[in-house]
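In our numbering, the protein residues as written are 255 to 833.
Just so it is clear, CB atoms sit at the ideal spot from N, CA and C, and this is done for glycine as well.
Quantities reported herein were computed from a predicted structural model and do not represent experimental measurements.
Take a look at the structure below.
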């Protein structure tokens, strides 16, 4: 397979060379090169990935190339690329292509005649970055940053990355790099982004007459999705299993198609997830491997400066948890898709549940920020207006993600829009970063969230989603056997949520939005949650002197060590990986 691509449209020749050098430092090797009248495509692969023939098609009319697994009208890989080329026309963003039949986590280049486009999956789970001059686009943040030759940090994006695990807008930690907005393609001839869904990515959402009708419709769709997966990767799927809903739904979908995936579970042997996952796997007669990342890391030395640089190159600069990895994270990412396996992840399955735990009424975008994105000490900001600026940026970004215009950001959201904040905002920004890193090492997919499931899930009444009622039924409909095993929620999915689960859902949702930051503050005080002083000292010794974020964030007041590791990652990349 291919693991990265870039497109240059003239622009800075020296910048193109810098980007290529960055890709080589990241361990990538040139695999495919294609020139057309408007520019040049360069695709890259990890040396261990082998044949790239299923990722590139050239015809007398044009060419197609993709990074990541792609399905179109049931066809996979090179067959899907041929169908896309056949149906792509000569005008508009992508004329003739049925977006509802386009699935996978991918970045796609299409060229037909003089026209060419660059796009990703509808939810943007394979990120595409762009340079400030509009002449360079690619899947690597480090390479796009190297093209621009500018190491300046975008403070607002960096703050969101440190506090939340990813920037939550089209900005990135580098001022010179932006990322493609959700639901857009790039017309490479016109050098501009075009909306693929002019009336909203959720347009065409179905209305369900009953709970059973909704279950039947989504079950049928997931059966189609998993049938496509098994057809493309027979006997070559892997998945993590836990005690939760989403991993169980993944395995149920595979078992329903007769596929017996390679299973593993993360955690200590006595953790909650491990015994449940082991029992579920044993009941189905499937071997399962326990991976205790903490135990693996204890056997490895702390990463010094050189090793941290290698981590940064592995993770394309910045990962959700920061780059301070002794080796367990990198090892498991490589292992999950080794040997041509497709690694499946249940991320995004919360579209079938009440992710933000908000009651069934209308909210504003700023309410969601206060309810979910304020899990830190507000005094972490050094500047007087730091918290207000952060909340304003987040509020505006949420509004844009669900289709609000600049003058509508403060308006009440329809309930369907509130439900869309999770897939179109949270998943797009946070999960998109994680998925993009995974694709750099092999085939990876989050099949529970695609255009059709998002459109359907936003229309489900909240009463169906609460406490996992709907997802429990979905798992049961796909495979009753696996649904009848214990879960981490205190009930079997085949039985549906019990009274305790329903009470927990109600008691969580009833908390007023204005009180949630105060509740978070009380919890932090009781648990004494903060970045550890020994880790601060270690990072400061590795990177002495003033850090680029010292002027905006008090690192001693960060909520946990993961946030501190992200702050360190920004500093290390800025110092040690200069373009």
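- Residue 694 places its beta carbon 9 Å or farther from that of residue 296.
- Here residue 464 has no same chain residue with a Cβ atom under 6 Å from its own Cβ, once five neighbours each way along the sequence are excluded.
- The stretch 760-779 makes no contact with the stretch 584-599: fewer than 3 CB pairs, one atom from each, lie closer than 8 Å.
- For residue 433 against residue 444, the beta-carbon gap comes to about 19 Å, at or over 8 Å, which does not count as contact.
- Residue 683 sits in a helix when the DSSP states are folded into three classes.
- Here the alpha carbon of residue 691 sits roughly 12 Å from the alpha carbon of residue 684.
- Look at residue 610 here: in three-state DSSP terms it is coil, with no helix or strand label.
- Under DSSP, residue 439 shares a beta bridge with 373, 448.
- By the Cβ test, the stretch 362-371 is in contact with the stretch 314-321, since at least three Cβ pairs between them sit closer than 8 Å.
- Rounded to the nearest angstrom, the Cβ distance from residue 582 to residue 547 is 4 Å, consistent with a contact under 8 Å.
- Straight-line measurement puts the Cα of residue 501 at about 12 Å from the Cα of residue 530.
- Taking 4 residues as the shortest admissible run, the stretch 559-622 contains the following complete alpha helix (DSSP H) segments, listed from N- to C-terminal end: 559-568, 582-590.
- When C-beta atoms of the stretch 809-820 are compared with those of the stretch 571-581, three or more pairs fall below 8 Å, so the two segments count as touching.
- Distance between residue 354 and residue 458, taken at the CA atoms: about 10 Å.
- Boundaries for residue 461: no beta strand (DSSP E) harbours it, and the DSSP string shows neither H nor E there.
- Per DSSP, residue 754 lies in no beta strand (DSSP E) segment; the continuous alpha helix (DSSP H) that holds it begins and ends at 753-763.
- By the Cβ test, the stretch 401-412 is in contact with the stretch 793-803, since at least three Cβ pairs between them sit closer than 8 Å.
- Judged by DSSP in its simplified three-state form, residue 675 adopts helix.
- Counting C-beta pairs closer than 8 Å gives three or more between the stretch 390-406 and the stretch 274-282, which meets the contact rule.
- Nearest in C-alpha terms to residue 428, of all of 383, 467, 438, is 383.
- With contacts defined by Cβ atoms closer than 9 Å, residue 666 and residue 656 do not form a contacting pair.
- The stretch 608-615 makes contact with the stretch 671-681; the number of CB pairs closer than 8 Å reaches 3 or more.
- Judged by beta-carbon spacing, residue 774 lies within the 9 Å limit of residue 629, meaning their Cβ atoms are closer than that value.
- Of the candidates 472, 527, 781, 527 places its Cα closest to the Cα of residue 741.
- Taking the C-beta atoms as reference points, residue 746 is found no nearer than 9 Å to residue 756.
- Exposed is the label assigned to residue 313, since fewer than 16 other Cβ atoms lie within 10 Å of its Cβ.
- Note on geometry: alpha-carbon atoms of residue 568 and residue 277 lie some 11 Å from one another.
- Each residue's CA atom was taken as its position, placing residue 452 and residue 648 some 23 Å apart.
- Residue range 293-299 is occupied by the beta strand (DSSP E) that includes residue 294.
- In the three-state reduction of the DSSP assignment, residue 540 falls in the coil class.
- The residues 713, in chain order, have a CB closer than 7 Å to that of residue 461 in the same chain once the five nearest residues on each side in sequence are set aside.
- As the crow flies, the alpha-carbon of residue 646 is around 15 Å from that of residue 417.
- Here the C-alpha atom of residue 811 lies approximately 26 Å from the C-alpha atom of residue 762.
- The C-beta distance from residue 542 to residue 495 rounds to 7 Å, short enough to fall under 8 Å.
- Residue pairing for residue 365: DSSP places it in a beta bridge opposite 317, 370.
- At the C-beta level, residue 361 and residue 351 stay beyond 9 Å of one another.
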